[in-house]
Structures are given as structure tokens and as C-alpha cells.
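Per the UniProt record's numbering, residue 1 is the first one in the sequence shown, and the count goes up by one each step. Shown next, in C-alpha cells, is the structure this report addresses.
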Amino acid sequence: MSSFQHRYELANAMDQIRPQQLDANVLFGPVNSISQSKFIAENNIRFFISIGFKCSQVVEYCKSIPIDDYLMIIMEDGLETENESSDIKEFRIKHSAKLQHVLKMNNGTNSSQGCGYLTPQPEPVPALYRPLAEYSSNVIRSSCVTALENFNDLLSIFRRSQLGNVLVYSANGNDERLTKFLVSSVIKSNVHISLLEAFHHVKSLRATVEVEQDASLFWSSSLVAYHERVRAKELFWGIGSPTTASYSQQQFGSKPIAKRRNDSPSCDEEQMNKYLSPEPSHPTRAICTPKKRFIPGASLMD
1 MSSFQHRYEL
11 ANAMDQIRPQ
21 QLDANVLFGP
31 VNSISQSKFI
41 AENNIRFFIS
51 IGFKCSQVVE
61 YCKSIPIDDY
71 LMIIMEDGLE
81 TENESSDIKE
91 FRIKHSAKLQ
101 HVLKMNNGTN
111 SSQGCGYLTP
121 QPEPVPALYR
131 PLAEYSSNVI
141 RSSCVTALEN
151 FNDLLSIFRR
161 SQLGNVLVYS
171 ANGNDERLTK
181 FLVSSVIKSN
191 VHISLLEAFH
201 HVKSLRATVE
211 VEQDASLFWS
221 SSLVAYHERV
231 RAKELFWGIG
241 SPTTASYSQQ
251 QFGSKPIAKR
261 RNDSPSCDEE
271 QMNKYLSPEP
281 SHPTRAICTP
291 KKRFIPGASL
301 MD
């Protein structure tokens with residue numbers, strides 16, 4: 001029995017330090033994952049997204065890691081900036097330039113500068129939730145639902161580049177903030193599932209994710225709002241529709257979104273009619289209208 005318990009504890013400890021795979025292109029785990037060079041090479045990881053670290057911390061972590069062939073994205077919570085040392089400034093400028101290079105490759109604007117020989121050609125970036133101007137830097141300072149939109153926009157950009165996979169990391173790989181970002185990615189790819197189902201999927205991949213997060217994530221206002229926007233965009237406007245961030249803000253930005261348990265299509269359609277159907281100009285006059293149907297390998301610096 002003691003031998004079994006020892007093996008169990010050892011396996012649990014290994015799960016704590018070993019990254020897990022969220023989908024075909026995205027892996028997640030603790031910060032020590034970025035130092036596992038063999039793992040990074042075997043999984044063709046070219047993009048890193050840090051969750052819960054300041055830029056200065058990431059710079060320190062990366063000093064002993066060869067990152068010339070990688071792109072580092074830093075998701076900082078909030079809008080506060082920190083004083084930049086020369087090392088931080090150099091790091092930010094270098095990786096911001098890499099990000100711009102990837103964006104240009106996805107938009108097909110630099111075929112004469114190195115992406116023309118890629119096979120297959122990079123796919124164009126789909127409609128993003130946020131304005132492209134928000135991705136001028138590799139340091140993303142946002143919070144709440146905006147941060148979730150930024151995160152998923154970046155995943156879309158990196159997937160379309162076809163340059164490699166993404167590793168998302170936090171301090172221990174189990175914290176609530178990282179889990180929230182992962183859940184948002186799951187519901188974007190599976191718009192019909194609930195937040196609770198998305199959380200259980202993430203936990204099934206990494207058993208060390210804290211069970212206590214269940215209720216807090218279910219009632220997270222930012223996740224609920226993001227879930228509503230994803231369902232509105234993908235279900236009612238069609239997958240890959242040219243819905244822009246400005247339209248999303250116009251429709252949802254100034255209105256609080258209620259936390260609902262009923263996620264059936266009929267309930268969602270009724271909720272969306274509040275936003276999509278204009279009020280009659282003459283309330284006393286009956287207006288009959290038909291119901292609308294909604295159909296829904298290369299270097300980063302070549």
C-alpha cells in the first residue's frame with residue numbers, strides 16, 4: 001500500500017511539471033515548461049504566452065533560455081506599466097517585431113520577404129474580436145473580457161501562421177487565471193457547450209487544476225460575457241463572419257449580460273433579439289415581418 005501511495009504521489013508530482021495538450025496546437029503548463037528544450041523541440045513549440053507575470057519576470061526567466069527562434073507574448077493583468085530597463089526594452093522591441101512579422105505573414109503582405117515559399121501558404125487571419133492595433137506590442141495589458149478576446153485572437157493568429165504550436169504557462173499551471181483563459185479557448189472552439197462543461201474538460205486534461213475553481217469560474221462575469229459574445233458571433237452571424245470588435249462593443253459593451261443557466265438555442269435566440277431587432281417606431285401599430293433566419297518550418301524573422 002505504501003509503495004502504491006509512493007507511485008501515486010510521484011505520478012502526481014510529474015503531472016505538476018509536465019505540460020498538457022489543450023488541442024492540436026495549444027499546450028499549457030507551469031513556468032518551468034519553458035526550460036524543457038527537448039519537450040519544446042519535440043512538440044514544435046514556437047510561441048509562448050505567459051499568464052500572471054510581469055514583463056521583467058519573463059525577461060529574467062528567458063535569460064538562460066535560447067529564445068531567438070521563439071515569440072514571447074506577455075498577458076499582463078490591467079493597464080499599469082512598469083519602468084523599463086534596457087533589457088526589458090530590448091526584449092519588448094525584439095518580440096514585438098516578431099509579432100508584427102507573423103501578422104504580416106498571415107495577411108499575405110510579405111510574400112517577397114520569406115513566406116512565399118511556405119507550403120501550404122499561411123491562411124488569412126479570420127475576423128478578430130479586437131482591433132489589430134492592439135497587437136502592436138508583445139506585452140498585452142488588458143483585463144476582464146478584453147483580455148480573453150486578446151488571448152483568443154492571438155491563438156487564432158498563431159494557428160493561421162502554421163509556424164508551430166503554442167505553449168501557455170503560468171506559475172504552477174493550475175491557477176484560476178490560467179484556467180479561465182483555457183476555458184475561454186474551449187468555448188470558442190465549442191460554442192454549444194456550457195462553461196461548466198468547458199472547465200471539466202480542462203480539468204480532465206490536468207487533474208491538478210483546483211476543484212474549488214468550479215463555482216468561481218461558473219460565475220465569472222468576464223467568462224459569462226465572453227461566452228455570450230462567442231455564441232452571438234459564431235451562432236447568429238456564422239463561423240468566420242466579419243464581425244468586428246467595434247460592432248461587438250456597440251452591441252454589448254454598454255450593457256451588462258445576465259448570468260443564465262439555460263443555454264438552449266431558443267433561449268439564446270430570444271436573448272439575441274434584444275440586441276439584433278430594432279424596436280418598432282410606432283409601438284401601437286402591429287407590424288408583421290417574416291422571422292429572420294441566421295445561418296450560422298519557417299523562421300519568425302525570415
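Even glycine gets a Cβ: it sits at the ideal position worked out from N, Cα and C.
Next item on the list: In the DSSP assignment, find the alpha helix (DSSP H) that holds N107 and state where it starts and stops.
Entry: Translated into positions along the sequence shown, residue 107 becomes position 107. If you look at N107, you'll find it in the alpha helix (DSSP H) that goes 86-107.
Next item on the list: Buried or exposed for N83, please, with buried defined as at least 16 other CB atoms from any protein chain shown within 10 angstroms of its CB.
Entry: Translated into the one-based positions of the sequence shown, residue 83 becomes position 83. The residue in question, N83, is exposed, as its Cβ has fewer than 16 Cβ neighbours within 10 Å.
Next item on the list: Could you name the residues of the same chain whose beta carbon sits closer than 7 Å to that of G164, not counting the 5 residues immediately before and after it, in chain order?
Entry: For this step, residue 164 is matched to residue 164 along the sequence shown. Only N44, I45, R46, F47 meet the Cβ criterion.
Note to self: Are the CB atoms of V59 and F39 within a distance shorter than 7 Å?
What the structure shows: Reading the sequence shown from its first residue, position 39 is the one you call residue 39. Reading the sequence shown from its first residue, position 59 is the one you call residue 59. A distance of 7 Å or more separates the beta carbons of F39 and V59.
Margin query: So for L22, helix, strand or coil by DSSP?
Written below: Here residue 22 refers to the residue found at position 22 when the sequence shown is read from its first residue. Here L22 sits in coil by DSSP.
Next item on the list: Check whether the Cβ of N174 sits closer than 6 Å to any heavy atom of the ligand HEM, and report yes or no.
Entry: Among the components modelled here there is no ligand, and therefore nothing to report on the ligand HEM.
Item checked: Exposed unless 16 or more other CB atoms sit within 10 angstroms - verdict on S136 -> Residue mapping note: residue 136 aligns to position 136 of the sequence shown, counting from 1. Label assigned to S136: exposed.
Notebook entry, point to check: What residue range is occupied by the uninterrupted alpha helix (DSSP H) comprising R206?
Noted result: Here the question's residue 206 lines up with position 206 in the sequence shown. Per DSSP, R206 belongs to no alpha helix (DSSP H) and is neither H nor E.
Margin query: Could you tell me the alpha carbon to alpha carbon distance between N107 and Q100, rounded to whole angstroms?
Written below: The count along the sequence shown starts at 1 and reaches residue 107 at position 107. The count along the sequence shown starts at 1 and reaches residue 100 at position 100. About 10 Å.
Note to self: On the DSSP bridge list, what partners appear for L167?
What the structure shows: Numbered from its first residue, the sequence shown carries residue 167 at position 167. Partner(s): L27, F48.
Margin query: Quick check on DSSP: helix, strand or coil for I193?
Written below: Counted from its first residue, the sequence shown places residue 193 at position 193. Note: I193 maps to coil in three-state DSSP.
Note to self: Whole angstroms are fine: how far does the CA of D153 sit from the CA of T179?
What the structure shows: Taking the first residue of the sequence shown as position 1, residue 179 is located at position 179. Taking the first residue of the sequence shown as position 1, residue 153 is located at position 153. Those two C-alpha atoms are separated by around 17 Å.
Next item on the list: Return helix, strand or coil for R130, following the three-state DSSP convention.
Entry: Within the sequence shown, numbered from 1, the residue matching residue 130 stands at position 130. In the structure shown, R130 sits in coil (DSSP, three-state: anything other than H, G, I, E or B).
Next item on the list: Helix, strand or coil for D175, going by three-state DSSP, please let me know.
Entry: Working through the sequence shown from its first residue, we reach residue 175 at position 175. Residue state, collapsed to three classes: coil.
Check: Terminal residues of the continuous alpha helix (DSSP H) containing D77?
Finding: Sequence index remark: in the sequence shown, residue 77 carries index 77 (1-based). Under the DSSP assignment, D77 falls outside any alpha helix (DSSP H), being part of the beta strand (DSSP E) whose first and last residues are 71-77.
Check: Helix or strand or just coil, what does DSSP make of I65?
Finding: Along the sequence shown, read from residue 1 onward, the residue named residue 65 stands at position 65. Coil, per DSSP.
Check: Do the segment 199-208 and the segment 170-187 touch if we need at least three Cβ pairs shorter than 8 Å?
Finding: They touch, by the three-pair rule.
Margin query: Considering Cα atoms alone, identify which of A171, L103, H227, D69 is closest to C144.
Written below: Here residue 144 refers to the residue found at position 144 of the sequence shown. Residue H227 holds the alpha-carbon nearest to the alpha-carbon of C144 among A171, L103, H227, D69.
Item checked: Short Cβ contact (7 Å threshold) for V230 with K188 -> For the purposes of this step, residue 230 is taken as residue 230 along the sequence shown, with counting starting at 1. For the purposes of this step, residue 188 is taken as residue 188 along the sequence shown, with counting starting at 1. For the pair V230 and K188, the CB atoms are nearer than the 7 Å cut-off.
Next item on the list: To the nearest angstrom, report how far apart Q36 and G29 are at their CA atoms.
Entry: Mapped onto the sequence shown, residue 36 falls at position 36. Mapped onto the sequence shown, residue 29 falls at position 29. In a straight line, the C-alpha of Q36 is about 11 Å away from that of G29.
Notebook entry, point to check: In terms of alpha-carbon separation, which member of S156, N190, I93 lies closest to Y129?
Noted result: Within the sequence shown, residue 129 is the residue found at index 129, counting from 1. If we check each option's Cα against that of Y129, S156 comes out closest.
Notebook entry, point to check: So the alpha helix (DSSP H) I157 belongs to, where does it begin and stop?
Noted result: Locating residue 157 in the sequence shown gives position 157, where the first residue counts as 1. Annotation: the continuous alpha helix (DSSP H) that includes I157 extends over 144-161.
Notebook entry, point to check: Which residue from L167, I88, S194 puts its Cα closest to that of L27?
Noted result: The residue labelled residue 27 in the question sits at position 27 within the sequence shown. Measuring from the Cα of L27, the nearest candidate turns out to be L167.
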